[in-house]
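Structure first, commentary second.
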Amino acid sequence: MPVQNAEIAAMLDQTADLLEIKGENQFRVRAYRRAARTIEGLPQSVRAMLARDEDLSELPGIGKDLAGKIADIVASGHFTLLDRLKRKLPGELGDMAALPGLGPKRIKLLYDKAHVRTLDDLRKAIRIGKLHGLHGFGPVIEKKLAAALEKPAAEKRFRLSVAEAEAEALVAFLRDKGRVVVAGSYRRRRETVGDLDLLVTSDDAEAVGDKLVTYDNVADVLAHGPTRTAVRLRSGLQVDIRAVPEKSYGAALLYFTGSKAHNIALRGLANARKWKLNEYGLFLGRRRIAGATEEEVYARLGLPYIPPEMREDRGEIVLAKAGSLPKLVTVEDIRGDLHVHSNWTDGTATIAEMAAAAQARGYAYMALTDHSRRQTMSHGLDPAKVAKQIREIDKINKTFNNFTILKGIEVDILKDGMLDLPDATLAQLDVVVASVHSFFDLRPDDQTERIIRAMQNRQVSILGHPTGRLIGMREPYEIDMDRVTSAARELNCALEINAEPDRLDLNDLHAHMAKSKGVKLAISTDAHSVNAFQYMRFGIDQARRGWLTAKDVVNTRPLSELMTLLRR
DNA sequence: GCCGTTTTCGGCCCGACTGTTTTCAGTCG
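Letter by letter, the first sequence follows residues 3 to 570 in my numbering.
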C-alpha cells in the first residue's frame with residue numbers, strides 16, 4: 003500500500019513530538035510541524051507529485067532537507083529519523099502529549115525521573131504515588147491525568163451545520179452582554195469545527211464569562227479568568243470566549259478567526275516593519291497604530307481585506323500583496339439549483355412544490371434530477387417514467403413566469419462506468435447528473451477509470467458528489483482526483499460541489515484544484531425537501547474556501563448562458 | 001529545519017490561564 007499524505011504528516015508530527023521531548027531546538031520542531039500541515043493540506047498525493055518530478059522543496063515550509071526526507075518516506079515507507087528517535091525514546095511518549103497538562107517538559111521529566119514509557123506505566127506510577135514530589139506535578143495535575151487515563155476523550159469535530167445550531171443559540175443567550183461574534187474555524191467556514199471561539203465587545207468583560215458559565219448546556223468549566231472563559235457543552239463542543247474593548251475589536255477578531263498559520267504569517271509582516279501584532283492591536287512600541295477593524299489592520303500591513311474563508315496560509319497573502327485576490331462567489335450570485343429530487347423518487351415534496359420553493363428563493367431555474375431505475379429503494383425512474391415526468395414538467399412549466407424547471411436525472415454510474423439509462427433517454431433531458439451510489443471500494447485505479455468512463459459519455463453534464471464521502475460517517479471512495487479533474491477539463495464536464503451538510507463534496511481543496519485547472523463547477527443542494535434548498539450556503543462556503551469566483555460556477559449564469567455552458 | 005524588501009546567518013508569533021511556585025514555567029490556543 004503506497005504511503006498516503008496523512009501518514010507522512012503523522013510521521014512528521016510524531017517526529018516533532020519526540021524531538022520536542024528530547025529537548026531539541028524548538029524551531030526545528032516547529033519546522034517539522036509546519037511541514038506536516040503543508041503535506042496534510044495538499045490536494046494531491048505526494049506520491050503523484052514525485053511521479054511527475056515535481057520539486058517538493060517549492061512547497062511552503064519544506065526545504066531541501068525535508069524534501070529529501072519525504073521522498074525517502076514515499077520510496078521506503080519508513081522514516082529513518084523517526085525510527086531512530088523511537089529506539090532512543092521507546093514507548094508511547096507521543097500519545098502522552100495528548101493528555102491534559104502534559105507537554106514535552108513534563109513528559110521528559112516523567113521519562114527521566116519516574117521511568118514512565120507508556121500510558122500503562124503512567125497509570126501505575128500514579129497508583130503507587132510515584133509522582134509525589136516530582137517537580138511540577140501537584141495534586142491537581144495528578145488527578146486530571148488519572149481521570150484522562152480512565153476515559154480517553156476521543157478528539158471530536160462537529161459538522162459545520164451542527165456547530166452552527168449551537169453557535170446561534172449561544173449568541174442569542176449572550177447578546178445582552180455586548181456585541182457577540184463567532185470567530186475561529188467556524189467563521190472560516192471549515193467543513194467541521196473543533197470548538198467555538200466567541201468574541202464579545204463589552205465594557206464589563208467579566209460579566210460575559212460569568213454569564214456563559216450559567217448557560218444551561220454547560221457541562222464543564224475548563225477555565226474562567228477575567229478576560230477569557232472556556233467551557234465544554236453537553237454535546238462535547240468546547241466554547242472559548244474572550245472579551246475585548248472596542249478599540250481592539252478588529253485585531254481580536256483577526257486573531258481569533260485565524261487560521262493560526264495565517265496569523266503567524268501576518269505577524270511576520272508586522273515584525274518586518276518592527277511592529278508587533280497581537281489580539282489587542284498592531285503596535286509600534288507601545289503605540290497602537292491599528293486594531294479597531296480587521297480592514298484597518300490589513301491596510302496597515304499593506305494588504306486588502308482577506309475574506310475569512312481564505313485565511314489558511316495557502317498563498318492568499320501573496321495574492322493579496324499583488325492585489326489579485328479573487329472576488330469570491332456569494333449566495334446572491336446563485337441563479338438556480340441543478341440537483342433536486344421530488345416525491346417521484348425519494349424526495350418529500352411534489353415537483354410543483356419544489357419549483358415554487360426554488361422560485362421563492364429568487365432562482366430563475368431548477369433542474370429536477372430524480373434517481374434512475376437502479377435505485378429501486380427510492381423508486382428510481384426507468385425510461386417510461388422519465389418520459390412521463392418530462393410531460394409533467396412541460397405542464398408545470400406553463401404555470402410559471404420567469405422560472406424554468408429543467409428536465410434532468412441523477413443517473414447511477416454502474417460498476418463498469420456505464421450509465422443506468424440508455425443514451426436515447428438521456429438525450430431528451432436538459433441536465434444529466436451522473437453519480438456513484440454503489441461499489442464504493444473498488445481498487446483506486448478501477449474507481450478512477452469507472453468515473454472517467456462515465457464522464458466520457460457525452461450526455462453527462464455534471465459529475466455528482468464526486469468522492470461520495472459522508473463527513474464523519476463514510477470515507478471518500480479512493481480516486482485519483484488529479485486524473486478526474488484533468489479528465490473533467492478535457493471532456494468539458496462540470497464537477498459538483500454537493501452542498502448537503504453531510505457531504506460537502508467536492509471539498510475545498512479539490513474544488514480549488516478543479517478551479518485551477520479551469521474546470522467548471524456546479525454548486526447544488528441535492529435537495530430532497532423544500533427546506534433543503536437553504537443548504538446552498540454550505541456549498542458556497544466550501545466554494546469560497548476553494549477560492550471560487552462566480553465565473554467558475556455554472557449556476558451563477560442566466561438560463562440561456564447555462565445551457566450553452568453545460569455540455570449536452 | 002526554513003528562509004530572505006534588514007538578513008545566506010541569525011532570526012523564527014504572542015499572550016492568558018493554571019498550578020505550582022514563592023516569582024514563574026509550562027501548557028494551551
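Beta carbons are placed, not taken as given, at the ideal position from N, Cα and C, and that holds for glycine.
- Counting along the chain, the unbroken alpha helix (DSSP H) around Ile395 starts and ends at 385-399.
- The Cβ atoms of Tyr365 and Leu408 lie no closer than 8 Å to each other.
- Shown here, Ile291 sits in a strand according to DSSP, grouped into three states.
- Annotated three-state conformation of Phe285 is strand, per DSSP.
- Residue environment for Gly140: exposed (fewer than 16 other C-beta atoms within 10 angstroms of its C-beta).
- Straight-line measurement puts the Cα of Asp199 at about 9 Å from the Cα of Ala169.
- Less than 8 Å divides the Cβ of Ile499 from the Cβ of Gln544.
- By the neighbour-count criterion, in which a residue is buried when 16 or more other Cβ atoms sit within 10 angstroms of its Cβ, Val434 is buried.
- Per DSSP, reduced to three states, the secondary structure at Met368 is strand.
- For His514, the secondary structure class from DSSP, reduced to helix, strand or coil, is helix.
- In the structure shown, Gln6 adopts coil according to DSSP, grouped into three states.
- Three or more pairs of CB atoms, one per stretch, sit closer than 8 Å, so the segment 338-350 contacts the segment 366-386.
- With fewer than 16 other Cβ atoms inside 10 Å of its own Cβ, Ser440 counts as exposed.
- For Asp504, there is no enclosing alpha helix (DSSP H), as DSSP marks it with neither H nor E.
- Counting C-beta atoms within 10 angstroms of its own C-beta, Ser187 has 16 or more neighbours from the protein chains shown and is therefore classed as buried.
- For Leu423, there is no enclosing beta strand (DSSP E), since its DSSP letter is neither H nor E.
- Bounds of the beta strand (DSSP E) holding Ala524 are 523-526.
- Secondary-structure assignment with DSSP links Asn280 through a beta bridge to Gly283.
- One thing to note: Arg546 has its Cβ within 8 Å of the Cβ of Val331.
- Proximity to Ala524 across Thr558, Ala77, Ala301 peaks at Thr558, based on C-alpha coordinates.
- Between Pro228 and Glu248, the CB-CB gap reaches or exceeds 8 Å.
- Under the 10 Å beta carbon count, Glu311 is surrounded by 16 or more other beta carbons and is classified as buried.
- When the Cα atoms are used, Ser78 and Lys66 turn out to be separated by approximately 18 Å.
- In chain order, Glu94, Asp97, Met98, Leu151 place their CB closer than 7 Å to the CB of Leu121, counting only its own chain and leaving out the 5 sequence neighbours on each side.
- A residue is called buried once 16 or more other Cβ atoms fall within 10 Å of its Cβ, and Ile411 is buried on that count.
- Residue range 162-176 is occupied by the alpha helix (DSSP H) that includes Val173, with no beta strand (DSSP E) assigned at that position.
- Per DSSP, His226 is not a residue of any alpha helix (DSSP H); the beta strand (DSSP E) it occupies stretches across 220-226.
- Listed as beta-bridge partners of Gln240 by DSSP are Asp197, Arg234.
- In the three-state reduction of the DSSP assignment, Glu477 falls in the coil class.
- Short of 8 Å from the beta carbon of Ala73, and not among the five residues preceding or following it, lie these beta carbons of its own chain, in chain order: Leu52, Leu58.
- With contacts defined as CB atoms closer than 8 Å, Val202 and Val215 fail to qualify as a contacting pair.
- Look at Glu412 here: in three-state DSSP terms it is strand.
- Along the segment 15-43, the alpha helix (DSSP H) occurs as fully enclosed runs of 4 or more residues at 28-42, listed in sequence order.
- The C-beta of Glu22 has 16 or more other C-beta atoms within 10 Å across all chains shown, which makes the residue buried.
- Taken atom to atom, the span from the alpha-carbon of Leu511 to that of Asp484 is near 11 Å.
- Counting of Cβ neighbours within 10 angstroms places Leu224 among the exposed residues, the total staying below 16.
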